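There are 2 protein chains.
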Amino acid sequence: MKTREDYNCPLELTHDMIRGKWKPIILWQLGKGSSSLIDLQKSIHGIGQKMLIEHLKELQEFGMVDKNQFEGYPLRVEYFLTLRGRRMLDVINAMQQIGIELMVEDGKNEILREKGLL
Amino acid sequence: MKTREDYNCPLELTHDMIRGKWKPIILWQLGKGSSSLIDLQKSIHGIGQKMLIEHLKELQEFGMVDKNQFEGYPLRVEYFLTLRGRRMLDVINAMQQIGIELMVEDGKNEILREKGLL
DNA sequence: CAGCATCCGATCTGATACTG
DNA sequence: CAGTATCAGATCGGATGCTG
Numbered sequence: 033m034k035t036r037e038d039y040n041c042p043l044e045l046t047h048d049m050i051r052g053k054w055k056p057i058i059l060w061q062l063g064k065g066s067s068s069l070i071d072l073q074k075s076i077h078g079i080g081q082k083m084l085i086e087h088l089k090e091l092q093e094f095g096m097v098d099k100n101q102f103e104g105y106p107l108r109v110e111y112f113l114t115l116r117g118r119r120m121l122d123v124i125n126a127m128q129q130i131g132i133e134l135m136v137e138d139g140k141n142e143i144l145r146e147k148g149l150l
Numbered sequence: 033m034k035t036r037e038d039y040n041c042p043l044e045l046t047h048d049m050i051r052g053k054w055k056p057i058i059l060w061q062l063g064k065g066s067s068s069l070i071d072l073q074k075s076i077h078g079i080g081q082k083m084l085i086e087h088l089k090e091l092q093e094f095g096m097v098d099k100n101q102f103e104g105y106p107l108r109v110e111y112f113l114t115l116r117g118r119r120m121l122d123v124i125n126a127m128q129q130i131g132i133e134l135m136v137e138d139g140k141n142e143i144l145r146e147k148g149l150l
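Top line first, the protein sequences correspond to chains F and G. Quick note on our numbering: the first sequence kicks off at 33 and runs consecutively. Quick note on our numbering: the second sequence kicks off at 33 and runs consecutively.
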């Protein structure tokens with residue numbers, strides 16, 4: 033599998049780092065604060081456990097996310113953004129901003145307000 | 033197929049707009065100036081004609097790219113970024129910038145210099 | 001030169017069931 | 001609660017040949 037060091041095109045590298053249906057929204061959520069797996073899943077509408085874990089794993093491989101594991105039962109982990117993950121929020125925020133503008137053009141202000149984005 | 037008006041999440045909307053292996057680099061190239069199909073293909077290393085046309089079509093559907101058709105033979109078209117496409121360059125540039133930083137961390141300055149990115 | 005049709009393997013996604 | 005395994009359908013990507 034392709035790792036970070038294999039890339040010779042910066043745009044391709046970054047694009048691959050956020051590729052996949054759920055990566056941007058996961059980064060966005062973690063940008064709001066560390067989170068357990070279950071809370072992350074609850075906060076991302078529609079995502080399944082498999083996809084969540086799989087995408088988290090890839091985000092970790094690219095050094096954008098890390099986790100703390102706590103001992104004892106019930107099991108508990110805490111996922112959080114690394115410095116590099118925070119850096120990627122520049123891109124995520126820009127994406128979010130453009131999406132908001134387009135949705136406003138489409139008269140979706142109400143939906144955005146419900147989500148606290150407007 | 034999902035069109036722009038179907039989205040209720042701004043991040044998902046923008047992410048889908050640049051989804052696919054070649055979309056960011058196509059936008060990047062067109063950001064440097066209008067281009068014919070063949071010149072676009074020549075400037076994007078590794079892309080095939082099918083993928084190029086397919087991705088251009090999707091970029092057009094999302095209103096980021098448009099084209100002029102000229103009469104006569106040989107056929108000639110000119111693809112260019114719309115205002116909305118230019119707006120998306122904010123995201124593309126942010127992606128490019130992060131990618132460059134990561135490649136510098138990996139000691140790939142030489143490759144970047146060859147491409148005129150450093 | 002610009003663009004379409006077809007075919008096929010690779011990859012992605014999601015549902016379900018299971019383990020520690 | 002956190003994480004793994006399996007399987008099937010959908011989508012993506014690329015090679016090739018053809019049309020105007």
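Every residue, glycine too, gets a C-beta built ideally from N, C-alpha and C. All figures in this text were calculated on a predicted structure; none of them were measured in a lab.
Discussion item. Give me the chain G residues within the contact set of P141/F, using Cβ-Cβ distance strictly less than 7 Å, ordered along the chain.
Written reply: As a first step, residue 141/F must be located in the first sequence, where it is residue number 109. For clarity, residue 141/F is Asn in the given sequence; the question names Pro instead. Those within 7 Å of N141/F in chain G number zero; the least Cβ separation is about 12 Å.
Fill in: Rounded C-alpha distance that separates L150/G from I70/F
Taking the second sequence and counting its residues from 1, one reaches residue 150/G at position 118. Taking the first sequence and counting its residues from 1, one reaches residue 70/F at position 38. Approximately 43 Å between the Cα atoms of the pair.
Worksheet item: Skipping 5 residues on each side, what residues in its chain have a beta carbon closer than 8 Å to that of S75/G?
Response: Numbered from 1 along the second sequence, position 43 holds the residue referred to as residue 75/G. If we look at S75/G and ignore the five residues flanking it on each side, its Cβ neighbours are Q61 and S67.
Fill in: Closer than 8 Å to chain F by CB, G131/G
The residue you call residue 131/G lines up with position 99 of the second sequence. Yes, contact with chain F.
Item to complete: Check whether the Cβ of R118/F lies closer than 8 Å to any Cβ atom in chain G.
Response: In the first sequence, counting from the first residue as 1, residue 118/F sits at position 86. Judged by the 8 Å Cβ criterion, R118/F is not in contact with chain G.
Practice prompt. Quick one: which unbroken beta strand (DSSP E) runs of 3-plus residues sit fully inside the region 47-109 of chain F? Chain order, please.
Written response: For the region 47-109 of chain F, the continuous beta strand (DSSP E) assignments of 3+ residues that do not extend past its boundaries occur at 97-102, in sequence order.
Fill in: Interface positions of the region 87-112 of chain G facing chain F (Cβ-Cβ less than 7 Å), listed along the chain
Those would be none; no residue qualifies.
Practice prompt. Please go through the same chain and pick out, in chain order, the residues whose beta-carbon is closer than 6 Å to the beta-carbon of I167/F, but skip the five residues on each side of it.
Written response: Outside the shown range of chain F, which is 33 to 150, sits residue 167/F, and nothing can be said about it.
Practice prompt. In angstroms with no decimal places, state the Cα-to-Cα distance between P56/F and L72/F.
Written response: Here the question's residue 56/F lines up with position 24 in the first sequence. Here the question's residue 72/F lines up with position 40 in the first sequence. CA-CA distance, P56/F to L72/F, rounds to 13 Å.
Worksheet item: Distance, Cα to Cα, C41/F vs E103/F?
Response: Translated into positions along the first sequence, residue 41/F becomes position 9. Translated into positions along the first sequence, residue 103/F becomes position 71. If you take the alpha carbons of C41/F and E103/F, they lie about 41 Å apart.
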